[in-house]
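In the numbering used here, the protein residues as written are 10 to 172. Heads up, the thing below is written out as structure tokens.
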């Protein structure tokens, strides 16, 4: 089959960019064998086909659903029966694009300013980063209000803007 060829397919020239990664991930990748230029390959070192990747991903999603998914009443009934056990997938299929959304949200939650997150994401407009790619949960929103409460508690007797 020969060496794999990396194709650069993006929607625009701006899609080709270098993205910094956390040091923890860099350290992990540095320990990976350097027998292939791709991160995902078959056990014998060949390039994984799209069909094989899809089967691997579906298998992974099934395991996630078994371990972490919410079982429906129908699932519990199926599990009582002998034979093949099929589960409703309560965790929706995660796509690689969803991981971009997760990355952007984690940047925000880690305290990275929106301008830097925009640059990391390769967005031309910061509103794309903030409105589409940053998803905040209720816990993060509560912490934000807690910060405001703490500020206001410490600012008693002072006018807003003066410290």
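Just so you know, even glycine gets a beta-carbon here, dropped at the ideal spot from N, CA and C.
Can you give me the C-alpha to C-alpha distance between residue 83 and residue 145, rounded to a whole angstrom?
32 Å
So, using beta-carbon positions, are residue 113 and residue 77 closer together than 7 Å?
no
Alpha-carbon to alpha-carbon, residue 73 and residue 126:
29 Å
Specify, as a first and last residue, the run of the alpha helix (DSSP H) that residue 163 falls within.
147 to 163
Output the residue ranges of the beta strand (DSSP E) runs that lie fully inside the stretch 102 to 141 and measure 3 residues or longer, sorted by chain position.
none
What's the C-alpha gap between residue 32 and residue 61?
30 Å
Residue range of the unbroken alpha helix (DSSP H) whose run includes residue 33:
32 to 40
Euclidean distance between Cα positions of residue 2 and residue 87
With the chain represented from 10 up to 172, any question about residue 2 goes unanswered, as that position is not in the structure.
Within the same chain, show all residues whose beta-carbon is closer than 8 Å to that of residue 10, passing over the 5 residues directly before and after it, in chain order.
At residue 10 the pLDDT is 49, less than 50, meaning the model places this residue with poor confidence and gives no usable figure here.
Could you compute how far the alpha carbon of residue 59 sits from the alpha carbon of residue 109?
20 Å
With distances taken Cα to Cα, identify the nearest neighbour of residue 115 among 135, 25, 130.
130
Helix, strand or coil at residue 100 according to DSSP, with G and I counted as helix:
coil
In whole angstroms, give me the CA-to-CA distance for residue 150 and residue 162.
18 Å
Does residue 166 come out as helix, strand or coil in the three-state DSSP assignment?
Any reading at residue 166 is ruled out, since the residue's pLDDT is 47, under 50, leaving its predicted position unreliable.
Closest Cα partner of residue 102 within the set 69, 119, 80
69
Close-in-space but distant-in-sequence residues of the same chain around residue 139 (CB under 7 Å, 5 per side omitted):
123
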